[in-house]
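The listed protein sequences derive, respectively, from chains A and B.
By this note's numbering, the letter at position 99 of the first sequence is numbered 91, and the numbering carries on one by one without gaps.
Heads up, this note's numbering is the position in the second sequence plus 1209, with the first residue counted as 1.
We treat Cβ as the ideally placed atom computed from N, Cα and C, and that holds for glycine.
Scroll down for the structure; my scribbles are underneath it.
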Amino acid sequence: MLDEHFGICVVEYMAAGAVPIAHDSAGPAMDIVVPAVRPEAETGTHGDEDDEEFPVGFLAKSVDGYADALAAALTMNDDERCAMADAARRRAEGMFCEDAFNTGFREAMGPVLSSLATDRRDAILEAAGVRSPTSGPRRRG
Amino acid sequence: MSTYPGDGWSDEETFKMPMWAMWAHFAATCVLFTVTGLVQWLRSGTRVPNSVGFFHPFTSDGGGGERVLWCAVRETQRARPDCQCVVYTGDDASGDELARRAQERFGVRLSSPPGVVKLKWRALVVPERYPVLTMVGQAIGGALLTAEAVTRYRPTVFFDTVGHAFGYPIARIAGCQVACYVHYPTISSDMIARVANRNDMYNNKGIVARSPALSFLKLVYYRTFACVYGLCGRYAGVVMANSSWTSAHLRRLWRTSPAVVYPPCDVDGLTDFALQGRVGGAEGVGGGVGHVSDTGHHPYVVSVGQFRPEKDHALQLRAWAKMKADEAGLSPEYRSSNPCVPRGAVLKIIGGCRGADDVARLESLRLMANRWRWTTASSFTWTCLIQSYELF
Chain A
-7 MLDEHFGICV VEYMAAGAVP IAHDSAGPAM DIVVPAVRPE AETGTHGDED
43 DEEFPVGFLA KSVDGYADAL AAALTMNDDE RCAMADAARR RAEGMFCEDA
93 FNTGFREAMG PVLSSLATDR RDAILEAAGV RSPTSGPRRR G
Chain B
1210 MSTYPGDGWS DEETFKMPMW AMWAHFAATC VLFTVTGLVQ WLRSGTRVPN
1260 SVGFFHPFTS DGGGGERVLW CAVRETQRAR PDCQCVVYTG DDASGDELAR
1310 RAQERFGVRL SSPPGVVKLK WRALVVPERY PVLTMVGQAI GGALLTAEAV
1360 TRYRPTVFFD TVGHAFGYPI ARIAGCQVAC YVHYPTISSD MIARVANRND
1410 MYNNKGIVAR SPALSFLKLV YYRTFACVYG LCGRYAGVVM ANSSWTSAHL
1460 RRLWRTSPAV VYPPCDVDGL TDFALQGRVG GAEGVGGGVG HVSDTGHHPY
1510 VVSVGQFRPE KDHALQLRAW AKMKADEAGL SPEYRSSNPC VPRGAVLKII
1560 GGCRGADDVA RLESLRLMAN RWRWTTASSF TWTCLIQSYE LF
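Here it is as structure tokens:
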């Protein structure tokens, strides 16, 4: 669909081993189906900086684009399809798993969480990276 | 020569306050008293040190938002085992029940059950409550709900997981740090552009798109709303966005630089399916689990999504019909030397209907598909699971 902000479902069917054909906008285009085959793009201009990586799926906008993407997806032979599905699955597993969320969450929330320290000395040492907040509630001793 | 008491200088050359100034003074006093009272009220609870309050009024929505909530709670507990985590919810559930639900439904194990703060004003943020000016209604409702939350429990960090940005100034006045995870901006520049270009779309009714005056008014409304939204959003100290798209919009509206933290997806249970031995490709225009199976002899393409206008099922049908027509137009010579789409390839559309609108939309799609089934060689397979919530 147009302007889907993220598109968890696209990630889920990529993880399930399906070849995605999604709308070329917002979440699927910017984050999920990257790099993609775009039938509507001029030939020769595909893959600006991701040339090295194997495409994980198709992106289209118009009826013509979708029709071409469908035809291309359905005429891939088994090896090509497996290679694309495998690339899609690896991307889904690597980028959108819970571990990736946890790491990102900690990085963003780090300063706020370390400011939670009730003890001033803890706060100073944690801010400097000397003391870890995970070492438990009794840290002084 | 003046006989009225209120029009400035009198004959006796004594200074009398003009009437408007007295009224202004009175109004200013009232405003000051109200503001002071509000601030006092917002700060009436004792501030709990070393605590994080997670704002998620509809805790049991079961969607991706709830997974984000529980993963965030778990990660906070891991990073700070001594921290007190509470969840603001409108549901009648105890901390134990919520922890069990997180475990059963999402496989998220919390080290200790969260505290629960019950919100009574949750009905204020239900969109159906505001048939007109829905955005403003929800915004004010969200701000009031935040006020209720912080007066019931004043945490050190107020963590918003639903994107009610209009409550952030209130949480800040109450003395909390504000952090948030935004799934989508309440208003986006795309929405404004659609009104400005007078496109007829699902968020822009035809009657508005056709009338220049109405379009102008709506544009002013949207622009003002976006401006206030931006001002409120700037009160958040930590901003996380679920995608590059959301992040780009927030950067423009809030003038902050959000961290892109993709929502956790439950991919583990899905990666066991074998890639080999399937036929054909898969499709997911509507947003759903596109899945290819080899149970039949023909490859098929699956589109899963509710029959909502934004999923644009008509586009999917047109694309499929065009693909079939293109295939039928290929010459036999070409066919013999090149790979072709298998003749029996089928498009399967699976979805659910939430209301009468969706049912009507589904019927018109059925008509469209039937018409094309006779005029082209297309084969559509229709599967409709009405109210199939268990799918999502």
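Query                                                                                                                                                     : Result
By the 7 Å beta-carbon criterion, what residues does the stretch 1447 to 1469 of chain B contribute toward chain A?                                       : V1447, M1449, N1451, S1452, S1453, W1454, T1455 and A1468
Taking 8 Å as the limit between beta carbons, can you name the residues of its chain near K1329/B, skipping five residues before and five after?          : G1299 and E1357
Just to check my reading of the structure: P1548/B and T95/A have Cβ atoms closer than 8 Å, yes? What is that Cβ distance to the nearest angstrom?        : That pair is no contact at about 42 Å.
Taking all protein chains shown into account, decide if H1500/B is buried (16 or more other Cβ within 10 angstroms of its Cβ) or exposed.                 : Low local confidence applies: a pLDDT of 39 at H1500/B is under 50, so the model's placement there is unreliable, with the coordinate-based value given in what follows. The residue in question, H1500/B, is buried, as its Cβ has 16 or more Cβ neighbours within 10 Å.
Need the endpoints of the beta strand (DSSP E) that T1298/B sits in, please.                                                                              : Q1293 to T1298
Can you name the start and end residues of the beta strand (DSSP E) that Y1509/B belongs to?                                                              : Y1509 to V1513
Name the chain B residues that come within less than 8 Å of I0/A, Cβ to Cβ?                                                                               : G1273, P1472 and C1474
Taking the straight line between their C-alpha atoms, what separation do you get for M1577/B and L1440/B?                                                 : 47 Å
Following the continuous alpha helix (DSSP H) through I1349/B, name the residue where it begins and the one where it ends.                                : T1343 to R1361
Let's test the definition: count the other Cβ atoms within 10 Å of the Cβ of M6/A and tell me whether it reaches 16, buried, or not, exposed.             : buried
Residues of chain B with CB under 7 Å from R98/A, in chain order?                                                                                         : E1284 and A1288
Does P129/A come within less than 9 Å of chain B when only Cβ atoms are used?                                                                             : Low local confidence applies: a pLDDT of 45 at P129/A is under 50, so the model's placement there is unreliable, with the coordinate-based value given in what follows. Chain B, which has a Cβ nearer than 9 Å to the Cβ of P129/A, makes this yes.
Which residues mark the beginning and the end of the beta strand (DSSP E) in which G(-1)/A is found?                                                      : Element bounds for G(-1)/A: n/a, residue is neither H nor E.
Taking Cβ positions only, does V1604/B come closer than 9 Å to chain A?                                                                                   : Only positions 1210 to 1601 of chain B appear in the structure, and residue 1604/B is not among them; the question remains open.
Any idea if V1248/B is buried or exposed, counting beta-carbon neighbours within 10 angstroms, 16 or more meaning buried?                                 : exposed
With H, G and I counted as helix, E and B as strand and the rest as coil, what does DSSP make of E1492/B?                                                 : Confidence at E1492/B is low in this model, with a pLDDT of 42, below 50, so its placement is unreliable and the value that follows should be read with caution. If DSSP states are grouped into helix, strand and coil, E1492/B belongs with coil.
Name the chain A residues that come within less than 9 Å of Q1485/B, Cβ to Cβ?                                                                            : D70 and C74
Which value, in whole angstroms, describes the spacing of the CA atoms of G1478/B and A1405/B?                                                            : 44 Å
Secondary structure at L1539/B, three-state DSSP: helix, strand or coil?                                                                                  : coil
Find the nearest neighbour of G1262/B within the set T1268/B, V1295/B, H1234/B and C1280/B, judged by alpha-carbon distance.                              : V1295/B
Does any residue of chain A have a CB that is nearer than 9 Å to the CB of T1480/B?                                                                       : yes
How many Å lie between D1503/B and T1370/B at the Cα?                                                                                                     : Bear in mind that the predicted position of D1503/B carries a pLDDT of just 43, short of 50, making it too unreliable to give a figure here.
Within 9 Å (strictly less), CB to CB, does Q1302/B reach chain A?                                                                                         : As written in the sequence, residue 1302/B is Ala, which differs from the Gln given in the question. Answer no: the Cβ-Cβ gap between A1302/B and chain A never drops below 9 Å.
On the three-pair Cβ rule with 8 Å, is the stretch 97 to 113 of chain A touching the stretch 75 to 87 of chain A?                                         : no
Can you have a look at D16/A and say buried or exposed, based on whether 16 or more other CB atoms are within 10 angstroms of its CB?                     : buried
When the Cα of F(-2)/A is compared with those of D114/A, A92/A, F88/A and R98/A, which residue comes out closest?                                         : F88/A
What residues from chain B crowd round A33/A, counting only those whose CB sits closer than 9 Å?                                                          : Those do not exist, as A33/A stays about 17 Å from chain B at its closest Cβ, beyond 9 Å.
How far does the beta strand (DSSP E) with C1389/B in it reach, from first residue to last?                                                               : Q1386 to V1391
Anyone know if the C-beta pair for V1447/B and P103/A falls short of 9 Å?                                                                                 : yes
Please name the residue, chosen from A52/A, A120/A, V3/A and E118/A, that lies closest to W1529/B on a Cα-to-Cα basis.                                    : A52/A
Can you name, in chain order, every residue of its own chain whose Cβ lies under 8 Å from the Cβ of F1375/B, other than the five neighbours on each side? : A1348, I1349, G1351, A1352, T1355, V1437, Y1438 and C1441
Verify the CB distance criterion: does C1397/B have a CB-CB separation below 9 Å to chain A?                                                              : It should be pointed out that residue 1397/B corresponds to Ser in this sequence rather than to Cys. Yes, S1397/B counts as interfacial toward chain A.
Counting only Cβ pairs nearer than 9 Å, list the residues of chain A close to H1392/B.                                                                    : H(-3) and F(-2)
Taking V1550/B as the query, report the chain A residues whose CB atoms sit under 7 Å from its CB, ordered along the chain.                               : A63, L66 and T67
Going by the CB atoms, is the gap between A1445/B and V1387/B shorter than 9 Å?                                                                           : yes
In the DSSP assignment, find the unbroken beta strand (DSSP E) run with V104/A in it and report its ends.                                                 : First-last for V104/A: E90 to S106, but that is the alpha helix (DSSP H), not the beta strand (DSSP E).
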